[in-house]
Each structure stands twice: as C-alpha cells, then as structure tokens.
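Presented below is the structure to which this report refers.
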C-alpha cells in the first residue's frame, strides 16, 4: 500500500509499505479515503517533534471498513467511519470520571502509532466513529478538528445565548465560529491579523470581524461594548500576544477558553493579570476533544451539524491531492503554519 512517511526534518516520502493485518478481536481494518493535515503535525514533520521516525502521520481521516475482528458485532465491511485518534486506558481515575482527554496512559493514532496518511490502517474499535447515513467521507475527515472547539464549549456549559469571540481565524477558529453560530450564540466576533481570513469569517457567519493589527485592544473592546456581558472568548491562535489580547478585550465576568497551544513563554504584566481579577473572569483550559459517554457529546454534535449542513468546509481547504501532490504541498510549508487545510485523497 502507498503511505506518506516522514523521515524527520522535512524529509517526506511516498513509499510502498506492507498491508496491515488484524491481530486482535477488537481491531478493524479501514481503507482510508480522506486524511487532513493538522497544525499539530507540522512540528512532527519539520522540528523533530514526533515520538519516533520514520512515522506515518494522520489523525483526521475517514474511510470504509474492510474487515472486522471476531469480537466486533456493531460494524461490518462497507460501513463509512472516521477516526477517533485518542485511545484512553479507560481504567485510570481520570478515565473513570470520563476525563478521557486527561488520561496519562493513552495511545494516539498518528502520533504514538502510525496514522491515516496511508491507504489502509488497523485500529481498535474504540478508535472508530461510524458516520451517519448520507454523510460524505470528505466531510467525515473533518469531524476531529470540529470537535476541538466543541470540547471548549462543553467545558464552559455551551455557547447558546452568549456573545462568542473567536481569536484566531485558522481552521479550528473558523470551525468553532460556525459551530457557535449554529448552536445559538447571540453574536459571533472573529479577531485575526489576516484580513482574508476575517473576510472569510464574515462569509461563514461571523457577526463582525476585527483586525488586531489595525485596531488596538482598547478600540476592539469599545467596539464590542454592547456585547460585553455574557461573553465567551475562545483563544485558538496559540500565541502569547493573543492570550494577552483575549484578557484585555474581555468583558465583565467573561469566560475565557484557552484552546491554542503555546510554543513560547507567556509573561503577563501585573496590570494585565489584574484585569483577570477586576473583571472576575473565568479561565478554562481545553485539551483535546473527548467526554463521556465515549467519545463524547462533541462527536455527536459535530456529526449532527455536518449532517444538517450547518458547517461549510470547502472554503477552509487550500489543497487536495494524491499522495505525491500532498507530500509536495506539505513540504512546501517549510515548517510554517498552513493557510488553509491540506487534504490527502487516497481513494
């Protein structure tokens, strides 16, 4: 089978590898049709950020069941499925409380084991999410990134009736923005430094959009004055300056959900830290995208919103290609962030 393999430091090869085989009764062989590049994959490709090399990445993918282990009764060949990449232990105290994202004994498809950038993969049944009838496989490959924002909403008791502010209009931010609008947010504001992304945010349902390169935090805060109460700020960019911006623009008793992963230290000035106290803000960290019952309401909600056509995906895609084309597109990033999702089409 063809596989896109990373050999560390930007060395990306399309290789022939042996077909994976079932070895346990709870395993499933899946023929992969679509797989997306995640922003978290970029350090694994370019900055020695993988657990091992060579590695086949890919944790945002969908495909068709080819074969099931003898212990599986709720799937059959021909079923359309998506990957649930985390595999918790299901036994630790965190898992017993359904804090699956916090399990310390977990495995992860496409990170701690080879992933979906190949024509076939064998996964545990717990890593399989059956797609609703009528959902395309292309849409199914977006389930995992959609659930990232939905997990943050889950942790802050939803977004209905709230003035949602999304800082960072990348793929995760634009998906979260659309989910917020579909789930009954009172208003949805997008903030970024890229005007093209902000224009896209408005097309996808944002109530308003602000360029933080052109407007100061004080100006943005004033422009949102009428929306300062019942505010939920989602930080998805993962940069120290955007975390600071989130605190600075937040309204009284705002909820701040931190989704983006920082790669540089955050040093809060005392005055900015004081705003957290003076505004009586609530700050929630959001890690991965799982809850109980496994894999969580986030996945059910994502599937429903996709099935109801509440989320537009095509405008978020920058490149679709077969393995060779996909490998070239990833290599061309040179370690920089994506400007739109890069998708691998395998069937």
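Numbering (my numbering), first residue to last: 675 to 1021. Don't be surprised by glycine CBs; every beta carbon is placed ideally from N, CA and C.
Considering Cα atoms alone, identify which of the options is closest to residue i.
| i | options | result |
| --- | --- | --- |
| residue 974 | 820, 895, 707 | 820 |
| residue 861 | 1017, 844, 843, 906 | 906 |
| residue 773 | 866, 964, 1019 | 964 |
| residue 1015 | 675, 695, 715 | 715 |
| residue 767 | 997, 805, 845, 780 | 780 |
| residue 994 | 711, 1011, 706 | 711 |
| residue 809 | 977, 707, 818 | 977 |
| residue 935 | 927, 949, 946, 910 | 910 |
| residue 789 | 898, 775, 761 | 761 |
| residue 853 | 701, 785, 981 | 981 |
| residue 725 | 787, 690, 688 | 787 |
| residue 991 | 702, 874, 835 | 874 |
| residue 784 | 769, 796, 908 | 796 |
| residue 841 | 741, 868, 831 | 868 |
| residue 737 | 817, 771, 777, 688 | 817 |
| residue 742 | 849, 777, 833, 801 | 801 |
| residue 970 | 707, 824, 1004 | 824 |
| residue 684 | 1013, 958, 1005, 700 | 1005 |
| residue 805 | 753, 839, 855, 950 | 753 |
| residue 962 | 919, 695, 889, 759 | 759 |
| residue 831 | 883, 931, 771 | 931 |
| residue 984 | 850, 999, 826, 829 | 850 |
| residue 856 | 843, 872, 881, 845 | 881 |
| residue 895 | 839, 813, 941, 791 | 839 |
| residue 709 | 1000, 1009, 1010 | 1000 |
| residue 681 | 920, 770, 729 | 729 |
| residue 757 | 720, 827, 701 | 701 |
| residue 826 | 695, 775, 791, 844 | 775 |
Following the continuous beta strand (DSSP E) through residue i, name the residue where it begins and the one where it ends.
| i | result |
| --- | --- |
| residue 903 | Element bounds for residue 903: n/a, residue is neither H nor E. |
| residue 992 | 991-995 |
Use the C-beta contact count for residue i: other C-beta atoms within 10 angstroms, 16 or more gives buried, fewer gives exposed.
| i | result |
| --- | --- |
| residue 718 | buried |
| residue 837 | buried |
| residue 944 | exposed |
| residue 967 | exposed |
| residue 763 | exposed |
| residue 858 | exposed |
| residue 938 | exposed |
| residue 693 | exposed |
| residue 960 | buried |
| residue 929 | buried |
| residue 954 | exposed |
| residue 727 | exposed |
| residue 947 | exposed |
| residue 866 | buried |
| residue 803 | buried |
| residue 997 | buried |
| residue 903 | exposed |
| residue 847 | buried |
| residue 807 | exposed |
| residue 870 | exposed |
| residue 722 | exposed |
| residue 1021 | exposed |
| residue 890 | exposed |
| residue 748 | exposed |
| residue 834 | exposed |
Along the chain, where does the alpha helix (DSSP H) containing residue i start, and where does it finish?
| i | result |
| --- | --- |
| residue 814 | 811-814 |
| residue 734 | Where residue 734 is concerned, there is no enclosing alpha helix (DSSP H), although the beta strand (DSSP E) it sits in stretches over 734-742. |
| residue 825 | 817-829 |
| residue 718 | 715-720 |
| residue 786 | Residue 786 -> no alpha helix (DSSP H), and no H or E assigned at all. |
| residue 695 | No alpha helix (DSSP H) contains residue 695, which DSSP labels as neither H nor E. |
| residue 845 | 845-856 |
| residue 985 | Where residue 985 is concerned, there is no enclosing alpha helix (DSSP H), given that its DSSP letter is neither H nor E. |
| residue 766 | Here residue 766 belongs to no alpha helix (DSSP H), and DSSP marks it neither H nor E. |
| residue 922 | 914-923 |
| residue 891 | 891-897 |
Which partner residues does residue i have in the DSSP bridge list?
| i | result |
| --- | --- |
| residue 725 | Beta-bridge pairing links residue 725 to no other residue. |
| residue 885 | 866 |
| residue 802 | 757 |
| residue 1019 | 708 |
| residue 837 | 861, 905 |
| residue 689 | 677 |
| residue 703 | 741, 796 |
| residue 781 | 761 |
Under 8 angstroms, Cβ to Cβ, is there at least one residue of chain D near residue i?
| i | result |
| --- | --- |
| residue 991 | The structure shown contains no chain D; it is built from a single protein chain. |
task = May I have a chain-ordered list of the beta strand (DSSP E) segments no shorter than 3 residues that lie completely inside the segment 926-966?
result = 929-932, 956-959
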